[in-house]
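Student: Mind having a look at this structure? Questions to follow.
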Amino acid sequence: MKQSRRNFLKFAGISAAGLCLTPAAGALASGKAHPIVNKAHLKAKRWAMVIDTRKLNTKEQIEKLADACHHWHNVPKIPTNQDIKWLWDASYSESFPEQENNHMAEELEERRFPLLCNHCEHPPCVRVCPTKATFQRADHIVAMDYHRCIGCRYCMAACPFGARSFNFMDPRLHLDMDNLNMKFPTRMRGVVEKCNFCVEKLAEGELPVCVTKSEGAIVFGDLTDPNSPVREVLRKDFTIRRKPELGTEPGVYYII
Amino acid sequence: MLEKALKGSPRYWGWILFLIIVIGLCSLVYINQLIHGLTVTGMSRDISWGFYIAQFTYLVGVAASGVMIALPFYLHNYEKYRGLVIMGEFLAISAVVMSLCFVLVDIGQPQRAMNMILHPTPNSMLFWDMVVLCGYLALNVLIGWTCLESERQRVHPPKWIKPIIYLSVVWGFAIHTVTAFLYAGLPSRHYWLSAIVAARFLAAAFCAGPALLLLILYVVRKLTGYYQGDAATKTLTKTITYAMCVNVFFFMLELFTAFYSNIPGHMEPMVFLFSGLEGNTSLVGWMWAAAACCILSIILLVPPKLRDNKSLLPFTLVILVFGTWVDKGMSFVTAGFTPNAFNTVTPYWPTSSEIAVSVMIWSIGALVLTILYKIATDIKRDLSELTPEDE
Numbered sequence: 034m035k036q037s038r039r040n041f042l043k044f045a046g047i048s049a050a051g052l053c054l055t056p057a058a059g060a061l062a063s064g065k066a067h068p069i070v071n072k073a074h075l076k077a078k079r080w081a082m083v084i085d086t087r088k089l090n091t092k093e094q095i096e097k098l099a100d101a102c103h104h105w106h107n108v109p110k111i112p113t114n115q116d117i118k119w120l121w122d123a124s125y126s127e128s129f130p131e132q133e134n135n136h137m138a139e140e141l142e143e144r145r146f147p148l149l150c151n152h153c154e155h156p157p158c159v160r161v162c163p164t165k166a167t168f169q170r171a172d173h174i175v176a177m178d179y180h181r182c183i184g185c186r187y188c189m190a191a192c193p194f195g196a197r198s199f200n201f202m203d204p205r206l207h208l209d210m211d212n213l214n215m216k217f218p219t220r221m222r223g224v225v226e227k228c229n230f231c232v233e234k235l236a237e238g239e240l241p242v243c244v245t246k247s248e249g250a251i252v253f254g255d256l257t258d259p260n261s262p263v264r265e266v267l268r269k270d271f272t273i274r275r276k277p278e279l280g281t282e283p284g285v286y287y288i289i
Numbered sequence: 028m029l030e031k032a033l034k035g036s037p038r039y040w041g042w043i044l045f046l047i048i049v050i051g052l053c054s055l056v057y058i059n060q061l062i063h064g065l066t067v068t069g070m071s072r073d074i075s076w077g078f079y080i081a082q083f084t085y086l087v088g089v090a091a092s093g094v095m096i097a098l099p100f101y102l103h104n105y106e107k108y109r110g111l112v113i114m115g116e117f118l119a120i121s122a123v124v125m126s127l128c129f130v131l132v133d134i135g136q137p138q139r140a141m142n143m144i145l146h147p148t149p150n151s152m153l154f155w156d157m158v159v160l161c162g163y164l165a166l167n168v169l170i171g172w173t174c175l176e177s178e179r180q181r182v183h184p185p186k187w188i189k190p191i192i193y194l195s196v197v198w199g200f201a202i203h204t205v206t207a208f209l210y211a212g213l214p215s216r217h218y219w220l221s222a223i224v225a226a227r228f229l230a231a232a233f234c235a236g237p238a239l240l241l242l243i244l245y246v247v248r249k250l251t252g253y254y255q256g257d258a259a260t261k262t263l264t265k266t267i268t269y270a271m272c273v274n275v276f277f278f279m280l281e282l283f284t285a286f287y288s289n290i291p292g293h294m295e296p297m298v299f300l301f302s303g304l305e306g307n308t309s310l311v312g313w314m315w316a317a318a319a320c321c322i323l324s325i326i327l328l329v330p331p332k333l334r335d336n337k338s339l340l341p342f343t344l345v346i347l348v349f350g351t352w353v354d355k356g357m358s359f360v361t362a363g364f365t366p367n368a369f370n371t372v373t374p375y376w377p378t379s380s381e382i383a384v385s386v387m388i389w390s391i392g393a394l395v396l397t398i399l400y401k402i403a404t405d406i407k408r409d410l411s412e413l414t415p416e417d418e
């Protein structure tokens, strides 16, 4: 009897101590602690991009940027129409179908235009996603959760810019596995992916890959900040956006 | 009541076995798709939905069409539909099962399908489509089963089922409306971006579904002797006639808006369907055949003499089902993506894998329908209601 009472008191004491410690231990273990934020990370209320197509307009120039982007993000090269594209080139009429004029300047007809996700202010892809796998961040970057995506491809039907790709097959089959970028994950088949404005680079205080590679032809910055580099060029030059009549408010501007 | 499905003639078991073999063989193709991904389909970056989603759309219509029998019978006490109502409800069950299967085989990560429920997203029409389809399935199982069981026991159905029946009538309209909303709210898909899509869907459903039901009941009559009665057939054919006229009228409204406005974006999908775009004419033959079938079916349905001709009716119903199937089950989805986001044309045609997986799902639907109809006709036989009097 006595023995058992002592045991009980011991047990109760240890339990009480445990209860006191649990919240702290739980917080440490569950990952609910504050995330570590890189102090240098770039912040904006609304990220936007201005592409100067007077400087950047040949297939070779754009391919160089696309290669850099695709290499950084481990985007496979698939030689069929089930390919994955984060950044690619297209003609004027493909890029701006509703704004095509007759008798355009020859030089303009030959120009190639870099296309990528527009990171719209009202993104239809986010509106239709049934699992919130694609979502809009506070800085208006439209991002993907590849682990959440069920591969219904509703976002692809909704995107008016053809900016989304679906991994019809295992992307690793078409990746140079010895030459992967270990800083960015590869994807699995059956999920949708797209340009992410290099959120992982912004988090480390660096500009997107295409911006740094463009030698000044692509300007990137905060659209809400009147002193930002994007606002500076927008003030200076005439720009157009893709399919503005749809009201998605694209975040990518083109100087023609 | 399920025991009724376990006792049957060798012919019944032979058919069940045949369906199971077909399902088994075609599921190997589906397993191949699970291993290699949707790359085995003809879909691409530009045409990201294809045959699966088209079949899903058509079958939701078939499911919704049960309303055209339930509404007169339950809301207007139209007694002549007594022999038809359970058949309509059971066809709806099988059609919803097929629809859900088609969505499941179309998603790239089917093992994550529960994410739709774990992370409910009210801004997505696909979420609501899942809700209405699963709800409609539950309602039809509950109503069909309860009413048939009371019939078997020769008692009136319980009172609590009434409000559920009324709900199911509204719900039937809802499933096809929400399915139309999947398409109708997307920017830059001109063929879909039309307020009349939901109305068109319902009109097509209310002619195609009952037509399919009558065709199936022809077979049922041959096999079991069960007949819903001349009066029911005549009235339902009238419904089919009106719905088909409205369906064709609605399509003409689309043609008018597209071509009178002369807006390229609205005209191009129509041009693609009926004369081809940038050399791609894959659907042209189908569309003209479908248009001819739709017009001919109206010609054969509107005059009472032709409509009530018992030997002509099956032919009329077959061409009507074909015409509406081409419209919704073949061309609707592809035309929405053509021209694509870059105003160019990407060809799409279903691969043999897509066809085989679709055959698997149709066979699953046929299996469900066979079992349900076996139960229903056996009970009708026990009640000696096998062949209601002809007029």
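In order, the protein sequence lines correspond to chains F and R. When we follow my numbering, the leftmost residue of the first sequence carries the number 34, and every step to the right adds one. When we follow my numbering, the leftmost residue of the second sequence carries the number 28, and every step to the right adds one. Heads up, the beta-carbon is just placed ideally off N, CA and C, and yes, glycines get one too.
Let me know the secondary structure DSSP gives residue 211 (chain F) once reduced to three states.
Tutor: Position 178 of the first sequence, counted from the start, is the residue given in the question as residue 211 (chain F). In this structure, residue 211 (chain F) counts as helix in the three-state DSSP scheme.
Student: How about residue 299 (chain R) and residue 289 (chain R): are their beta carbons less than 8 Å apart?
Tutor: Within the second sequence, residue 299 (chain R) is the residue found at index 272, counting from 1. Within the second sequence, residue 289 (chain R) is the residue found at index 262, counting from 1. Against a cut-off of 8 Å, the Cβ pair of residue 289 (chain R) and residue 299 (chain R) comes out as no contact.
Student: Are the Cβ atoms of residue 369 (chain R) and residue 123 (chain F) separated by less than 8 Å?
Tutor: For the purposes of this step, residue 369 (chain R) is identified with residue 342 of the second sequence, where counting begins at 1. For the purposes of this step, residue 123 (chain F) is identified with residue 90 of the first sequence, where counting begins at 1. Contact flag set, yes.
Student: Please decide whether residue 293 (chain R) counts as near chain B, where near means a Cβ-Cβ distance under 8 Å.
Tutor: No chain B is part of this structure, whose protein chains are labelled F and R.
Student: Cα separation between residue 32 (chain R) and residue 175 (chain R)?
Tutor: Reading the second sequence from its first residue, position 5 is the one you call residue 32 (chain R). Reading the second sequence from its first residue, position 148 is the one you call residue 175 (chain R). Distance between the alpha carbons of residue 32 (chain R) and residue 175 (chain R) is about 14 Å.
Student: Among F:180, F:282, F:88, whose alpha-carbon lies nearest the alpha-carbon of residue 249 (chain F)?
Tutor: Stepping through the first sequence from its first residue, residue 249 (chain F) is reached at position 216. Among F:180, F:282, F:88, the Cα nearest to that of residue 249 (chain F) is on F:88.
Student: For residue 76 (chain R), which residues in chain F fall below 7 Å Cβ to Cβ?
Tutor: As a first step, residue 76 (chain R) is located in the second sequence; it is residue number 49 there, counting from the start. 186, 190, listed in chain order.
Student: Starting from residue 82 (chain F), follow its DSSP beta bridges and name the residues at the other end.
Tutor: Here residue 82 (chain F) corresponds to residue number 49 of the first sequence, with the count starting at 1. F:253, F:285, per the DSSP bridge assignment.
Student: Report the neighbours of residue 210 (chain F) on chain R: residues whose CB is nearer than 9 Å to its CB, in chain order.
Tutor: Translated into the one-based positions of the first sequence, residue 210 (chain F) becomes position 177. The contacting residues do not exist; residue 210 (chain F) stays about 18 Å from chain R at best.
Student: Do the segment 87 to 105 of chain R and the segment 113 to 129 of chain R touch if we need at least three Cβ pairs shorter than 8 Å?
Tutor: The segment 87 to 105 of chain R is in contact with the segment 113 to 129 of chain R.
Student: Grab the span of the beta strand (DSSP E) containing residue 121 (chain F) for me, first residue to last.
Tutor: The count along the first sequence starts at 1 and reaches residue 121 (chain F) at position 88. Residues 120 to 123.
Student: Since residue 230 (chain R) is in the alpha helix (DSSP H), which residue starts that stretch and which ends it?
Tutor: Residue 230 (chain R) sits at position 203 when you count from the first residue of the second sequence. Run containing residue 230 (chain R): 224 to 251, per the alpha helix (DSSP H) assignment.
Student: Counting Cβ pairs, one atom from each stretch, are 3 or more of them under 8 Å apart for the segment 64 to 73 of chain R and the segment 105 to 121 of chain F?
Tutor: Yes: the two stretches touch, three or more of their Cβ pairs being nearer than 8 Å.
Student: Since residue 169 (chain F) sits in a beta bridge, which residues does DSSP pair it with?
Tutor: Here residue 169 (chain F) refers to the residue found at position 136 when the first sequence is read from its first residue. F:175.
Student: Can you list the alpha helix (DSSP H) stretches of 4 or more residues lying completely in the segment 148 to 195 of chain R, in chain order?
Tutor: For the segment 148 to 195 of chain R, whole alpha helix (DSSP H) runs of length 4 or above, ordered along the chain, are 152 to 179.
Student: Would you tell me roughly how many angstroms separate the C-alpha atoms of residue 409 (chain R) and residue 51 (chain R), rounded to the nearest one?
Tutor: On the second sequence, residue 409 (chain R) is found 382 positions in, with the first residue counted as 1. On the second sequence, residue 51 (chain R) is found 24 positions in, with the first residue counted as 1. C-alpha separation (whole angstroms): 34 Å.
Student: Can you find the residues in the same chain that come closer than 7 Å, C-beta to C-beta, to residue 245 (chain R), ignoring five residues on each side of it along the sequence?
Tutor: Translated into positions along the second sequence, residue 245 (chain R) becomes position 218. Closer than 7 Å at the Cβ level, and outside the excluded window around residue 245 (chain R), lie 341.
Student: Output, in chain order, the set of chain F residues within a Cβ distance shorter than 8 Å of residue 64 (chain R).
Tutor: Position 37 of the second sequence, counted from the first residue, corresponds to residue 64 (chain R). Those are 200, 201, 202, 203, 222, 223, listed as they occur along chain F.
Student: DSSP three-state call for residue 34 (chain F): helix, strand or coil?
Tutor: Walking along the first sequence from the start, residue 34 (chain F) turns up at place 1. With a pLDDT of only 49 at residue 34 (chain F), under the threshold of 50, the placement of this residue in the model should not be trusted, and no figure is reported.
Student: On the DSSP bridge list, what partners appear for residue 198 (chain F)?
Tutor: Counting from one through the first sequence, the residue named residue 198 (chain F) turns up at place 165. Per DSSP, F:226.
Student: On the three-state DSSP scale, how would you describe residue 147 (chain F)?
Tutor: Here residue 147 (chain F) is taken as the residue at index 114 of the first sequence, counted from 1. Residue state, collapsed to three classes: strand.
Student: What do you reckon, are the CB atoms on residue 222 (chain F) and residue 64 (chain R) nearer than 8 Å?
Tutor: As a first step, residue 222 (chain F) must be located in the first sequence, where it is residue number 189. As a first step, residue 64 (chain R) must be located in the second sequence, where it is residue number 37. Yes, these two residues count as a Cβ contact at 8 Å.
Student: With 16 other CB atoms within 10 Å as the buried threshold, where does residue 274 (chain R) fall?
Tutor: By 1-based counting over the second sequence, the position of residue 274 (chain R) is 247. Under this definition residue 274 (chain R) is a buried residue.
Student: Where does residue 164 (chain F) sit, in a helix, a strand or coil, going by DSSP?
Tutor: Within the first sequence, numbered from 1, the residue matching residue 164 (chain F) stands at position 131. DSSP places residue 164 (chain F) in coil when its eight states are reduced to three.
Student: In the DSSP assignment, the alpha helix (DSSP H) including residue 182 (chain F) goes from what residue to what residue?
Tutor: Stepping through the first sequence from its first residue, residue 182 (chain F) is reached at position 149. Where residue 182 (chain F) is concerned, there is no enclosing alpha helix (DSSP H), given that its DSSP letter is neither H nor E.
Student: At 7 Å on the CB atoms, spell out the chain R contacts of residue 164 (chain F), in chain order.
Tutor: For the purposes of this step, residue 164 (chain F) is taken as residue 131 along the first sequence, with counting starting at 1. Correct list: 142, 143, 146, 148.
Student: For chain R, check one thing: does any of its Cβ atoms lie closer than 8 Å to the Cβ of residue 281 (chain F)?
Tutor: Position 248 of the first sequence, counted from the first residue, corresponds to residue 281 (chain F). Judged by the 8 Å Cβ criterion, residue 281 (chain F) is in contact with chain R.
Student: Determine the direct distance from the alpha carbon of residue 396 (chain R) to that of residue 118 (chain R), and round the result to whole angstroms.
Tutor: Counted from its first residue, the second sequence places residue 118 (chain R) at position 91. Counted from its first residue, the second sequence places residue 396 (chain R) at position 369. Cα-Cα distance, rounded: 6 Å.
Student: Just to make sure I have the definition right: I need the residues of chain F whose C-beta is within less than 9 Å of the C-beta of residue 354 (chain R). Which are they?
Tutor: Walking along the second sequence from the start, residue 354 (chain R) turns up at place 327. Going along chain F, no residue has its Cβ under 9 Å from residue 354 (chain R), so there is no contact; the nearest lies around 19 Å.
Student: Using 10 angstroms around the beta-carbon of residue 28 (chain R), count the other beta-carbons present and answer buried if the total reaches 16, otherwise exposed.
Tutor: As a working note, residue 28 (chain R) is residue 1 in the second sequence. Residue 28 (chain R) is exposed by the Cβ-count criterion.
Student: Who are the Cβ neighbours of residue 280 (chain R) in its own chain at under 7 Å, not counting the five residues just before and after it?
Tutor: Translated into positions along the second sequence, residue 280 (chain R) becomes position 253. Same-chain partners within the cutoff: 223.
Student: Show which residues of chain F have a CB atom less than 7 Å away from the CB atom of residue 134 (chain R).
Tutor: Numbered from 1 along the second sequence, position 107 holds the residue referred to as residue 134 (chain R). Neighbours of residue 134 (chain R) on chain F, chain order: 183, 184, 185.
Student: Cutting at 8 Å between CB atoms, please list the residues of its own chain near residue 179 (chain R), excluding the five before and the five after it.
Tutor: For the purposes of this step, residue 179 (chain R) is taken as residue 152 along the second sequence, with counting starting at 1. Here the set comprises 28, 406, 409, 410.
Student: Are the Cβ atoms of residue 66 (chain R) and residue 77 (chain R) separated by less than 8 Å?
Tutor: On the second sequence, residue 66 (chain R) is found 39 positions in, with the first residue counted as 1. On the second sequence, residue 77 (chain R) is found 50 positions in, with the first residue counted as 1. Cβ distance not < 8 Å, so residue 66 (chain R) and residue 77 (chain R) don't count as in contact.
Student: Residues in the same chain with beta-carbon distance under 6 Å from residue 43 (chain F), minus the five sequence neighbours each way, listed in chain order, please.
Tutor: In the first sequence, counting from the first residue as 1, residue 43 (chain F) sits at position 10. Result list for residue 43 (chain F): empty, nothing under 6 Å.
Student: Mind listing the chain F neighbours of residue 152 (chain R)? Cutoff is C-beta to C-beta under 7 Å, in chain order.
Tutor: Position 125 of the second sequence, counting from 1, holds the residue named residue 152 (chain R). What residue 152 (chain R) touches in chain F: 161.
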